[in-house]
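Reading through the structure tokens given below for one structure.
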Amino acid sequence: MSLDLISYAAFFLTMALTYAVMCLGLNIQWGQTGLFNVGIAAFVAIGAYASAILTTPDAPDRLGGFDLPIAIGWLGGALAAGLAAWFVGALTIRLRADYLAIATFGVAVSVQLCVLNIQPLTGGAFGIGFIPRPFNSLAGDPLAFGLANLALMAGLVLGLYLALQHLAKSPWGRVLRAIREDEVAAQALGKRPVRFRLQAFTIGGAIMGLAGAAQGHFIGFIAPDNYLPILTFQVWAMLIVGGSGNNRGAIIGAILVWGIWALSAAAVSACVPPEQQARAAALQIVMIGVGLCLILLLRPRGLIGERRSLLSTRKSHKP
Amino acid sequence: MNPQFIMDGLVAGAMIGLGAIGVTLTYSILRFANFAHGEFLSWGAYLALAVSGALGFLATGLTRPIAPFSFGWSLPLALVIAIFLTGLLALVLDAVLFARLRSRGSAVIILVMASFGASLALRSLLEFLFTSKPAYYTKALQIAVRLGGGLRATPDQLLSLGVTVVVVVVIHLLLTRTEIGRSMRAVSENPALAGIAGIDVRRVIRFVWFIGAGLACIAGTMTGLLVQIRPYLGHDLLLPLFSAAILGGIGSVPGAMIAGLIVGLSEAGAVQLVGAEWRSAVSFVILVLVLLLRPRGLFGRPA
């Protein structure tokens, strides 16, 4: 019994950590650079599908299926999503701030359409199955399998966290924050905002793709339904709750929000009669939306938030 | 190619145009892309449904279809009431959310994000209240009439086109010929200067919310009448609305209407040429092309 509980906890934590990876990607875009991405689900989907197409065994009813190692799939997923992010960014970052938001919204709609309709490549509404899972040789022992996957995902999150912390402290990260706080001053010092923003957006998109690939390999099956707009909302809620600009906050927020989400979903399915469950689930989403607005109104820095930035010190000097 | 796609495109484009006028007005006055605008369409459609249901309950005679159309007097009456209710919804949303963020001097992108949260809450609230099952204003069936040239349209479709023309002309006169319209244009040019010149900027902002939401209610109700009413009605139209607003040039009412027709016609054309499943991608392609070739849109001022 307790072993079951541990392997369930391992499954839960591994899932939460895949969201933490998405959250870290969003943090580079929004938290550190101030770029608003409404198409997170699209970049995650691109990563997941690219990786699945590269690594699944050859199937007669589908193009692709190159049977490559999982690591290549992860890399390919990150690369594909990074490319897509670069394209969207190059198109819109030089324009008004909210054109990027509108364009990413369009990407989310279009990617959803593509995975549904390009059936020969993506399997259409049925998705892609038989995606190789890491440590599949351990599959007979659920506990060892769960813990090994948890360790792999924790390693990925830790590695990304250290790399991103290093990036944030590096001259590159300082330029990003300088641009976010005072674009004109940064420009006067010879930094080109558009180029730095585009780099940050591309890296963030690639990390989201990596998250999608890792999640796809962990579950072993992907379908268009996994990448609906609600995924974007969840990741946003995670980052806002944890505190934008703070990588540790992004990880904690992901685990916390995923926990609340999973628990309330379990409560809904246990307590609400089946015919009312769709409505209860809708109410759950109302809560996320209202919560997002409340945090923006009441506690814009999130639970942890970024340590005092240049702007906030300057503002606090004002009378 | 079947010429019927022109009729379908015009009808869809009229609705996109009406919604895009609201987007472009709020964008040019409040200076942010309002992701909750699609929800005004859905709420408008459902409010009209609820009010017309209530009217029909009070006086059954009101639901009897008016000669060639599929609906009774309860729907036009309900539409008038729903326009006010949707406007009220927008004003309340502004008061509890956007006005507070504005007064704090929040960045544009925070407002965009708040509108994103609001749209999620409003849409799921509709799903909670009315469930995701499609609803209809009337169960009556309509026969399309021949218009010549291989075109057919139902009386409801023709009426919708006529209403759109009237509404657009009224809005255009309102903006160009009246005092409030001139104030609006002044605020969109420069809010600070307009304030100094004695224009009540907050009144203009309230007016813009009301007009935008009212137009959204009309567009939503017509979409509900011609297709069906769903909680995702507005969300699915949001990308076409943004594409049309940007293609027309932010702040331009005639631009938004013309661009709405262009988007509607391209969608209908794509359905014929490529297939119905790619319909929603059309507005994204248009959006990408505009941003690449002419980011300020057809009638917009250079940024």
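Sequence order for the protein chains is A and B.
Quick note on the working numbering: the first sequence kicks off at 161 and runs consecutively.
Quick note on the working numbering: the second sequence kicks off at 6 and runs consecutively.
Cβ atoms here follow ideal geometry from the backbone N, Cα and C, with glycine treated the same way.
- Message: Using a 10 Å radius around the Cβ and a threshold of 16 neighbouring Cβ atoms, would you call Thr65/B buried or exposed?
- Response: Around the C-beta of Thr65/B, fewer than 16 other C-beta atoms lie within 10 Å, and the residue is accordingly described as exposed.
Exercise for the section: Would you identify the three-state DSSP class for Pro460/A, choosing helix, strand or coil? Expected result: DSSP places Pro460/A in coil when its eight states are reduced to three.
Partner residues on chain A for Arg105/B, Cβ-Cβ distance less than 7 Å: When 7 Å is used as the limit between beta carbons, Arg105/B is near these residues of chain A: Leu457, in chain order.
Provide the residue span of the alpha helix (DSSP H) that contains Arg107/B, from first to last. First-last of the alpha helix (DSSP H) with Arg107/B: Ala104 to Ser108.
Among the candidates Tyr259/A, Ser270/A, Gly194/A and Leu303/A, whose CA atom is the shortest distance from the CA of Ala202/A? Ranking the options by Cα distance to Ala202/A, first place goes to Ser270/A.
* In chain B, what lies closer than 8 Å to Phe196/A by C-beta? -> Going along chain B in sequence order, the residues near Phe196/A (Cβ under 8 Å) are Ile114, Val117 and Met118.
On the three-state DSSP scale, how would you describe Ala87/B? Correct three-state label for Ala87/B: helix.
(message) Would Lys282/B pass as an interface residue toward chain A - the criterion being a Cβ-Cβ separation below 8 Å?
(response) Rather than Lys, the amino acid found at residue 282/B in this sequence is Glu. Yes - at least one Cβ of chain A is within 8 Å of the one on Glu282/B.
So, with DSSP's three-state summary, where would you put Arg207/B?
Here Arg207/B sits in helix by DSSP.
- Query: Taking the alpha helix (DSSP H) that Val428/A falls in, what are its first and last residues?
  - Reply: It spans Asn407 to Cys431 - the alpha helix (DSSP H) in which Val428/A sits, taken as one unbroken run.
Query raised in the report: What are the residues that DSSP puts in a beta bridge with Val150/B?
Result: Ala158/B.
* To do: Give the interface partners of Ser270/A over in chain B, defined as CB-CB distance under 8 Å, in chain order.
  => Under the 8 Å cutoff, chain B gives Ser285, Ala286 and Phe289.
* So is Phe247/B in contact with chain A if we call contact Cβ pairs under 8 Å? -> Closer than 8 Å: yes.
Which residue marks the beginning of the alpha helix (DSSP H) containing Arg190/B, and which one marks its end?
From DSSP, the alpha helix (DSSP H) with Arg190/B extends over Glu184 to Glu194.
* Locate the alpha helix (DSSP H) running through Ala170/A, then write down its first and last residues. => Ser162 to Leu186 is the extent of the alpha helix (DSSP H) around Ala170/A.
Ile288/A bridges to which residues according to DSSP? Residue pairing by DSSP puts Ile288/A in a beta bridge opposite Ile382/A.
Between Thr362/A, Ala304/A, Val344/A and Asn407/A, which has its C-alpha nearest Ser168/A's C-alpha? Sequence inspection shows Tyr at residue 168/A; the Ser mentioned does not correspond to that position. That would be Ala304/A, whose Cα lies nearest to the Cα of Tyr168/A.
**Prompt:** So, using beta-carbon positions, are Phe171/A and Ala422/A closer together than 8 Å?
**Reply:** Contact flag unset, no.
* **Best match in Leu163/A, Gly185/A, Thr216/A and Val204/A for proximity to Ile411/A [C-alpha to C-alpha]** => Of Leu163/A, Gly185/A, Thr216/A and Val204/A, the smallest CA-CA separation from Ile411/A is found for Gly185/A.
Q) How many Å lie between Leu177/A and Val204/A at the Cα? A) Looking at the two C-alpha atoms, the distance is approximately 14 Å.
Going by CA-CA distance only, name the one from Leu164/B, Asp13/B and Asn39/B that's closest to Gly2/B.
-> Given that chain B is displayed from residue 6 to residue 308, the structure contains no residue 2/B and the question cannot be resolved.
#### Entry: Contact belief for Leu125/B with Phe393/A at Cβ below 8 Å, rounded distance in angstroms
Indeed, because the Cβ distance is near 6 Å, the residues count as touching under 8 Å.
Could one say the Cβ of Asp221/A lies closer than 8 Å to chain B's Cβ atoms, at least one of them? So no, Asp221/A is outside the interface.
* To do: Have a look at Met398/A, Ile253/A, Ile390/A and Pro384/A and flag the residue whose alpha-carbon is nearest the alpha-carbon of Gln279/A.
  => Minimum Cα distance to Gln279/A is reached at Pro384/A.
| So what does DSSP say about Ala145/B, is it helix, strand or coil? | Ala145/B: coil per DSSP, three-state reduction.
Restricting to Cα atoms, I'd like to know which of Thr226/B, Val206/B and Tyr51/B is closest to Ile19/B. Before going on, a small fix: residue 19/B reads as Ala here, not Ile. Cα-wise, what sits closest to Ala19/B is Thr226/B.
Point to revise | Cβ distance (whole Å) where Ile21/B is taken to contact Leu246/B below 8 Å | key: Contact flag correct, Cβ pair sits at about 6 Å.
- Count the other C-beta atoms from every protein chain shown that fall within 10 angstroms of the C-beta of Pro236/B, then say buried if there are 16 or more, exposed otherwise. Buried is the call here.
Exercise for the section: Could you give the DSSP three-state label for Ile71/B: helix, strand or coil? Expected result: DSSP places Ile71/B outside both helix and strand once states are collapsed to three, so it counts as coil.
Report task. List the residues of chain A that Thr136/B touches, going by C-beta distances under 9 Å, in chain order. Result -> Simply Ala438, Arg439 and Ala442.
Check whether the Cβ atoms of Ser47/B and Gly219/B lie closer than 8 Å to each other. For Ser47/B and Gly219/B, no; Cβs fall outside 8 Å.
Q.
Could you tell me which whole beta strand (DSSP E) segments of length 3 or greater appear in the stretch 321 to 402 of chain A?
A. As for any beta strand (DSSP E) of minimum length 3 sitting wholly inside the stretch 321 to 402 of chain A, there is none.
_For chain A, check one thing: does any of its Cβ atoms lie closer than 8 Å to the Cβ of Pro8/B?_
Answer no: the Cβ-Cβ gap between Pro8/B and chain A never drops below 8 Å.
Checklist entry - For Leu320/A, which residues of its own chain have a beta-carbon under 6 Å away from its beta-carbon, when the five flanking residues on both sides are left out? => result Correct list, in chain order: Leu184.
_Ile379/A versus Ser193/B: straight-line alpha-carbon distance, rounded_ = Here the C-alpha atom of Ile379/A lies approximately 51 Å from the C-alpha atom of Ser193/B.
Quick check on this structure: which residue in Pro292/A, Ile448/A, Ile188/A and Pro294/A has the alpha carbon closest to the alpha carbon of Lys329/A? Taking Lys329/A as reference, the option from Pro292/A, Ile448/A, Ile188/A and Pro294/A with the minimal CA-CA separation is Ile188/A.
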